[in-house]
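Each residue of the sequence shown is one higher than the last, beginning at 408 in the working numbering. Here the structure comes first, spelled out in structure tokens, and everything after it is commentary.
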Amino acid sequence: MKRTMFLILSGCILLFGSVVFGCAKKEAAVIKIGTIEVTAKEFERAFGMSRYVSSDPNAKKMFLDIFITRKLMLREAENLGLDKDPSFLQNIQLFWEQSLLKSVLAHQANEIGMHAKVTDVEIKEFYANNKEKHFANTKDVSEVYGHIRWILLNEKNRRLMQRWVEGLRKKTTIFVDEKKLGLQ
């Protein structure tokens with residue numbers, strides 16, 4: 408009985424595993440460049456992100472030639488060990504950090520933008536406080552309403568972003584040896 412249960416359970420696991428993992432069959436390569444294999448999906452993605460995307464029927468053929476040349480050059484760079492060069496790896500690290508910073512800032516700006524609001528009262532108050540200095544030639548707040556709203560919204564977003572960064576600093580232990588950095 409135990410053996411039968413074990414066999415049934417093993418069969419179910421194998422069946423489940425093949426359904427979950429086996430259904431995603433590896434897509435066949437449509438381009439082979441030495442040992443490099445490229446699927447149609449990979450090529451279409453690269454083409455879609457290229458400057459060659461257009462209605463010209465020859466665009467894809469032109470891109471294919473450049474795509475193959477790029478892959479050959481990249482393979483040669485790897486064969487020469489350039490992919491392990493410290494300056495290359497440092498550039499990769501810098502690019503990765505910049506890309507990640509851009510992503511987190513865009514994410515946070517989106518979050519902040521959804522919550523930052525400017526009221527009519529704030530706009531009228533700003534106009535009254537800055538009329539002489541910035542709006543002397545303006546007769547009414549309605550003439551500069553959109554501009555003031557934009558100024559106040561940007562200022563609120565800037566302050567909220569600054570508060571977010573300050574919050575990150577507060578919840579993290581930071582140590583700086585200013586003496587070793589030559590800051591003292």
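For every residue, glycine included, the Cβ atom is placed at its ideal position computed from N, Cα and C. Source: prediction; values computed, not measured.
- Taking 8 Å as the cut-off, the Cβ atoms of T446 and V437 count as close.
- Non-local C-beta neighbours of K478 in its own chain, meaning closer than 8 Å and more than five positions away in sequence, comprise I440, I443, V445, ordered along the chain.
- The alpha carbon of G574 has as its nearest neighbour, out of Q505, Q515, F495, A466, the alpha carbon of Q515.
- In the DSSP secondary-structure assignment, V445 is bridged to I438.
- Contact annotation: the segment 521-533 does not touch the segment 478-493, with fewer than three C-beta pairs closer than 8 Å.
- Straight-line spacing of the CA atoms in I558 and V583 works out to 36 Å.
- Going by DSSP, R477 is part of the alpha helix (DSSP H) stretching over 466-486.
- The alpha carbon of I555 has as its nearest neighbour, out of E485, K538, Q500, K448, the alpha carbon of K538.
- Between the alpha carbons of E504 and F542 lies a distance of about 42 Å.
- Closest in alpha carbon position to L567, among N517, L508, L590, I581, is N517.
- In this structure, I530 keeps its C-beta atom at 8 Å or more from the C-beta atom of N564.
- A distance of 8 Å or more separates the beta carbons of F454 and K468.
- The Cβ neighbour count for F533, taken over all protein chains shown within 10 Å, is at least 16; the residue is labelled buried.
- With a beta-carbon spacing of about 22 Å, F495 and F474 fall beyond the 8 Å limit used to define contacts.
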